[in-house]
Amino acid sequence: MSQLLEVSGVTVSFDGFRAINNLTFSIGPAELRAIIGPNGAGKSTFMDIVTGKTKPDSGTVTFGEKSASLLKLSEAKIARAGVGRKFQRPTVFEDQTVTENLTLALKAARSPWRVLGWRSKPADHSRIEALAQQVGLADHLPRKAGELSHGQKQWLEIAMLLAQEPRLLLVDEPAAGMTLAEREKTTELLVDIAKTRAVVVVEHDMEFVRRLNCRVTVLHEGSVLAEGSLDHVTKNQDVIDVYLGRG
Amino acid sequence: MTRSFLIRTPSLLIFIACLALFTIGVTLAAHYGLMSTSFVKTLGKTLCLCLAALAMDLIWGYAGILSLGHMAFFALGGYMIGMWLMYARTEEIVVASLLNSGLPATPEEIQQGIASQIFGVVGASDLPTIWSFAHSLPLQLALVVALPGLLALIFGWLAFRSRVTGVYLSILTQAMTLALALYLFQNDSGLRGNNGLSGLQNLPGLDAVSQDSISLWFFWASAAALALAYLTLSWIVSGKFGSVIRAIRDDEARVRFLGYSVEGYKLFVFTLTAIIVALAGALYYPQAGIINPAELAPIASIYLAVWVAIGGRGRLYGAVIGAAVVSLLSSWFTGGRAPSIPLGFMTINWVDWWQVLLGAAFVCVTLFAPKGIGGLFDYFTGLHTPDRKGAPLGPDQGSLQEKEAIE
Ligand SMILES: Nc1ncnc2c1ncn2[C@@H]1O[C@H](COP(=O)(O)OP(=O)(O)OP(=O)(O)O)[C@@H](O)[C@H]1O
Ligand SMILES: [Mg+2]
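For the protein sequence lines, the chains are A and B, in the order given.
Whatever position you read off the first sequence (first residue = 1), add 78 for my numbering.
Whatever position you read off the second sequence (first residue = 1), add 57 for my numbering.
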């Protein structure tokens, strides 16, 4: 099966410090993947590279059937090509209502002229309600996002990610600040989405990763240390030494 | 115009009603001789400044781009309409005087006469190339929009493409207006150097009409332009476009990851506001009667930002109120009508001290009432600022601050 995203031989240095070191990674069009690794392993930086925030010093990143390179595209173009991202720290537009946040994310034309003429149709409205329902924010639609709790902001951001209908979802620590029940709900949601899309989840919580029940990639010092099922990688001596052993 | 739009913008109808009442009041007062022509002109000019402030609020209050160069577009709009006014008026005079001399004048002679009349003061007698369209009102009106629009497009493209933001962008826009002013100060710029253009209050072909009537016409046109712009901008900011630009103000990086081209939006807003401001200038200078390069001084654009700040940024009526209050107070204080305050050891003469008062007011608003005059409306309608323990509403420099936000 051909891969949706292929990252190969990517290296990034910040002031001589190699945050990503000859990293190779790929994921299929309908696959769930967890990335684990110690703090500073380069997990977020990896997402920065794929979404165009950070340009690598060397290596290639290709996306889609035609294996188009993402390296020359701006962040906005990459997002329009179908890469969605949820940030580690919840980033929603705090001065805007939950409805407005979701409307911004909703899949639709993005150019200024088209947005100027955009008016909410009943279909958009019911889509927003359905999304809010899905993440338990249905009663909060008219509230400003800044008033939501940390966990609710996480949910809002997940809903925004879904609203974009991306082909690849990069989800950075979705469960931080969530209760156990919410975590379980998040896992279900991610597993469900991954039936039709590619989903990459970064998470520190091992229980969470176990419930995802998917292939796991362990990052360490900017490159892949091990890859396989959770049981497989947790038995790996290197992984135990650098990551699990410390916990 | 849908119902939901009116519901989302309750201030719109109130604003239009107030503006209509004001216009009717001024018209009646002028008609019954209760108001001088020069005061009607002052009010008409004030409405143009309100229009410029409206545009400033869109770019700064909503999109978070603190442009300190927009009055350059205001002056350019004035220059473009001024060129036609001056050319056409001079043409009338030249044709009349050539008629007196008996011989039928050739077009070349007329053109030569106009050129030496207009450019005699700067020691030139040829019409510069940039005056090629000055004979035609439609062409020159097109330039009112096209020239500032194009300049904004090019400048904005260069600045936003390299992702210049915050203070650096403000400095860059100051440099733009300063450079333009210095260029126009030169005699060979083709716009009469520091003499500028004058006699703009005289409309060609309307010698028979008194300034009383003309001042009212311009007052009405200014009021209509303000109403139209208010309506259009309310519609823009209440929709998804408004949501996108407010998102850019608070966290532009996040907007990019949603697939919006932040640079494209900034360029759009920069150019749109430049055009609105240029139109305001084109209505302002025929009422002022004169324009010169001093109008492009960097301080003029800073005032524009001060008006918006004092009125309260991020709400359209705030910008209008700020511009109206400050510029009317300013013309009262600097007009020599404010009584001086004797303090014994010195006298506070408002012509000199007004600037100090304005500066102090600006500092006070920034420190103690960041919502400006607009905050009074929130106070009376029971809206509060959220308690965010001082955190602004987004990570960007231009983002809404805690004290500016509404819960
Ligand atoms: N813009 C930057 N400038 C300099 N150094 C950076 C930058 N971005 C990341 N780094 C460094 O790169 C390394 C990898 O950071 P990254 O945020 O990718 O780690 P992470 O795996 O996401 O860690 P965590 O689990 O704490 O989120 C860190 O040492 C970090 O300090
Ligand atoms: Mg991280």
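Here a beta-carbon is modelled for each residue, glycine too, at the ideal position from N, C-alpha and C.
Exercise for the section: Taking only heavy atoms of ligand 1 into account, decide whether any of them is closer than 6 Å to the Cβ of F314(B). Expected result: In the second sequence, residue 314(B) corresponds to position 257, counting from 1. Not under cutoff, so the answer is no.
Handout entry: Status (buried if at least 16 other CB within 10 Å, exposed otherwise) for F425(B)
Key = In the second sequence, the residue the question calls residue 425(B) occupies position 368. With fewer than 16 other Cβ atoms within 10 Å, it is exposed.
Exercise for the section: Check distances from the C-beta atoms of the segment 220-248 of chain A to those of chain B and list, in chain order, the residues that come in under 8 Å. Expected result: Cβ contacts with chain B come from K222, G224, E225, M238 and Q242.
Handout entry: For G326(A), the first and last residue of its enclosing alpha helix (DSSP H)
Key = With chain A covering 79 to 325 only, the question about residue 326(A) has no answer from this structure.
Problem - Boundaries (first-last residue) of the beta strand (DSSP E) holding V296(A) - result: What you label residue 296(A) is simply residue 218 of the first sequence in a count that begins at 1. Counting along the chain, the beta strand (DSSP E) containing V296(A) begins and ends at R293 to H298.
Practice task
Assign I430(B) to one of three DSSP states: helix, strand, or coil.
Solution key: Numbered from 1 along the second sequence, position 373 holds the residue referred to as residue 430(B). In the three-state reduction of the DSSP assignment, I430(B) falls in the coil class.
Exercise for the section: Would you kindly work out how many angstroms separate the C-alpha atoms of L297(A) and E235(A), rounded to a whole number? Expected result: The residue you call residue 297(A) lines up with position 219 of the first sequence. The residue you call residue 235(A) lines up with position 157 of the first sequence. Distance between the alpha carbons of L297(A) and E235(A) is about 25 Å.
Exercise for the section: Give me the Cβ distance between A331(B) and P205(B), rounded to the nearest whole Å; I'm assuming they're in contact under 8 Å. Expected result: Working through the second sequence from its first residue, we reach residue 331(B) at position 274. Working through the second sequence from its first residue, we reach residue 205(B) at position 148. Rounded, the Cβ-Cβ distance is 5 Å, consistent with contact.
Exercise for the section: Report yes or no: is there a C-beta of chain B within less than 7 Å of the C-beta of K154(A)? Expected result: Mapped onto the first sequence, residue 154(A) falls at position 76. Looking at the sequence itself, residue 154(A) is Ala, so the reference to Lys does not match. Chain B, which has a Cβ nearer than 7 Å to the Cβ of A154(A), makes this yes.
Exercise for the section: With distances taken Cα to Cα, identify the nearest neighbour of G299(B) among N314(A), F286(A), V193(A) and E260(A). Expected result: As a working mapping, residue 299(B) is identified with position 242 in the second sequence. Comparing Cα-Cα distances from G299(B) to each of N314(A), F286(A), V193(A) and E260(A), the minimum goes to V193(A).
Practice task
Output yes if chain B places a C-beta closer than 7 Å to the C-beta of L297(A); else output no.
Solution key: Numbered from its first residue, the first sequence carries residue 297(A) at position 219. Chain B, which has no Cβ nearer than 7 Å to the Cβ of L297(A), makes this no.
Problem - Positions along the segment 111-135 of chain A whose CB lies within less than 9 Å of some CB in chain B - result: Within the segment 111-135 of chain A, the residues whose Cβ lies closer than 9 Å to some Cβ of chain B are T129, G130 and K131, listed in chain order.
Exercise for the section: Could you work out which residues of chain A lie near A304(B), taking near to mean beta carbons separated by less than 8 Å? Expected result: For the purposes of this step, residue 304(B) is taken as residue 247 along the second sequence, with counting starting at 1. When 8 Å is used as the limit between beta carbons, A304(B) is near these residues of chain A: F171, Q174 and L182, in chain order.
Exercise for the section: Could you give the DSSP three-state label for I122(B): helix, strand or coil? Expected result: On the second sequence, residue 122(B) is found 65 positions in, with the first residue counted as 1. DSSP places I122(B) in coil when its eight states are reduced to three.
Exercise for the section: Using only alpha-carbon positions, find the residue among F79(B), G101(B) and Y287(B) that is nearest to F276(B). Expected result: Within the second sequence, numbered from 1, the residue matching residue 276(B) stands at position 219. Looking at the Cα atoms, G101(B) is the closest of the given residues.
Handout entry: Partners in chain A for S291(B), counting only beta-carbon separations shorter than 8 Å
Key = As a first step, residue 291(B) must be located in the second sequence, where it is residue number 234. Scanning chain A for C-beta atoms nearer than 8 Å to the C-beta of S291(B) yields nothing, as the closest lies near 13 Å away.
Practice task
Leaving out five residues on either side along the sequence, give the residues of the same chain with a beta carbon under 7 Å from the beta carbon of L450(B).
Solution key: Here residue 450(B) corresponds to residue number 393 of the second sequence, with the count starting at 1. Leaving aside the five residues that flank L450(B) on each side, the residues in its chain whose CB is nearer than 7 Å to its CB run, in chain order, D307, S456, L457 and A462.
Exercise for the section: Look at the Cβ atom of W364(B), then the Cβ atom of G379(B), and state whether they are nearer than 7 Å. Expected result: Residue 364(B) sits at position 307 when you count from the first residue of the second sequence. Residue 379(B) sits at position 322 when you count from the first residue of the second sequence. Taking 7 Å as the cut-off, the Cβ atoms of W364(B) and G379(B) count as close.
Practice task
Can you pull the chain B residues whose beta carbon is under 9 Å from the beta carbon of A157(A), in chain order?
Solution key: The residue labelled residue 157(A) in the question sits at position 79 within the first sequence. Counting only Cβ-Cβ distances below 9 Å, A157(A) has contacts in chain B at R313, F314, L315, G316 and Y317, in chain order.
Handout entry: Contained alpha helix (DSSP H) runs [length at least 4] in the segment 104-192 of chain B, N- to C-terminal order
Key = Uninterrupted alpha helix (DSSP H) stretches at least 4 residues long and entirely within the segment 104-192 of chain B occur at 127-157 and 164-176, given in chain order.
Handout entry: Residues that L248(A) bridges to, as DSSP identifies them
Key = For this step, residue 248(A) is matched to residue 170 along the first sequence. R163(A) and V278(A), per the DSSP bridge assignment.
Exercise for the section: Write down the C-beta distance between S397(B) and T391(B) rounded to the nearest angstrom, noting that I regard them as a contact closer than 8 Å. Expected result: Translated into the one-based positions of the second sequence, residue 397(B) becomes position 340. Translated into the one-based positions of the second sequence, residue 391(B) becomes position 334. Between S397(B) and T391(B) a beta carbon distance of about 13 Å is seen, past the 8 Å cut, so the two are scored as non-contacting.
Handout entry: Exposed unless 16 or more other CB atoms sit within 10 angstroms - verdict on G162(A)
Key = Position 84 of the first sequence, counting from 1, holds the residue named residue 162(A). Under this definition G162(A) is a buried residue.
Problem - Pick from R96(A), A157(A), A146(A) and T132(A) that is closest to G316(B), judged by C-alpha positions - result: In the second sequence, residue 316(B) corresponds to position 259, counting from 1. Closest option to G316(B), Cα to Cα, is A157(A).
Problem - Contact with chain B by P190(A), beta-carbon distance below 7 Å - result: The residue labelled residue 190(A) in the question sits at position 112 within the first sequence. Yes, P190(A) counts as interfacial toward chain B.
Exercise for the section: Spatial neighbours of V317(A) within its chain, please: CB distance less than 7 Å, with the 5 preceding and 5 following residues excluded, ordered by chain position. Expected result: Counting from one through the first sequence, the residue named residue 317(A) turns up at place 239. Leaving aside the five residues that flank V317(A) on each side, the residues in its chain whose CB is nearer than 7 Å to its CB run, in chain order, V296, L303, A304 and V311.
Exercise for the section: Given a cut-off of 7 Å, decide if Y287(B) and F72(B) are closer than it, judged by their beta-carbon atoms. Expected result: Along the second sequence, one-based indexing puts residue 72(B) at 15. Along the second sequence, one-based indexing puts residue 287(B) at 230. In this structure, F72(B) sits near Y287(B), with a CB-CB distance shorter than 7 Å.
Practice task
Evaluate the contact criterion for the segment 171-187 of chain A versus the segment 222-241 of chain A: three or more CB pairs, one atom per stretch, below 8 Å.
Solution key: These segments touch.
Exercise for the section: Could you check how far apart the C-beta atoms of S384(B) and F62(B) are, in whole angstroms? I think they sit under 8 Å. Expected result: Numbered from 1 along the second sequence, position 327 holds the residue referred to as residue 384(B). Numbered from 1 along the second sequence, position 5 holds the residue referred to as residue 62(B). With 8 Å as the limit, S384(B) and F62(B) do not qualify as a contact, their Cβ atoms being about 30 Å apart.
Problem - CB of A172(B) within 7 Å of CB of L184(B), strictly - result: Sequence index remark: in the second sequence, residue 172(B) carries index 115 (1-based). Sequence index remark: in the second sequence, residue 184(B) carries index 127 (1-based). In this structure, L184(B) lies closer than 7 Å to A172(B) by Cβ.
Problem - By C-beta, the residues closer than 6 Å to any heavy atom of ligand 1, given in chain order - result: In chain order, the hits are F92(A), A97(A), G115(A), N117(A), G118(A), A119(A), G120(A), K121(A), S122(A), T123(A) and Q166(A).
Handout entry: beta strand (DSSP E) runs contained entirely in the segment 143-212 of chain A, provided each spans 3 or more residues
Key = Entirely contained in the segment 143-212 of chain A, the beta strand (DSSP E) runs reaching 3 residues are, in chain order, 161-164.
Practice task
Taking I138(B) as the reference, give the member of S246(B), T94(B), Y89(B) and G253(B) with the closest Cα.
Solution key: Start at 1 with the first residue of the second sequence, and residue 138(B) comes out as number 81. Nearest C-alpha to I138(B): G253(B).
Handout entry: Exposed unless 16 or more other CB atoms sit within 10 angstroms - verdict on M58(B)
Key = As a first step, residue 58(B) is located in the second sequence; it is residue number 1 there, counting from the start. Unreliable placement is indicated for M58(B), whose pLDDT of 45 sits below 50; the coordinate value is still reported in the next sentence. Exposed, because fewer than 16 other Cβ atoms sit within 10 Å of the Cβ of M58(B).
Problem - Rounded C-alpha distance that separates M256(A) from T289(B) - result: For the purposes of this step, residue 256(A) is identified with residue 178 of the first sequence, where counting begins at 1. For the purposes of this step, residue 289(B) is identified with residue 232 of the second sequence, where counting begins at 1. Cα to Cα, M256(A) sits roughly 43 Å from T289(B).
Exercise for the section: Check the DSSP bridge columns for P399(B) and list the partner residues they point to. Expected result: Here residue 399(B) refers to the residue found at position 342 when the second sequence is read from its first residue. DSSP output for P399(B) lists T404(B) as bridge partner(s).
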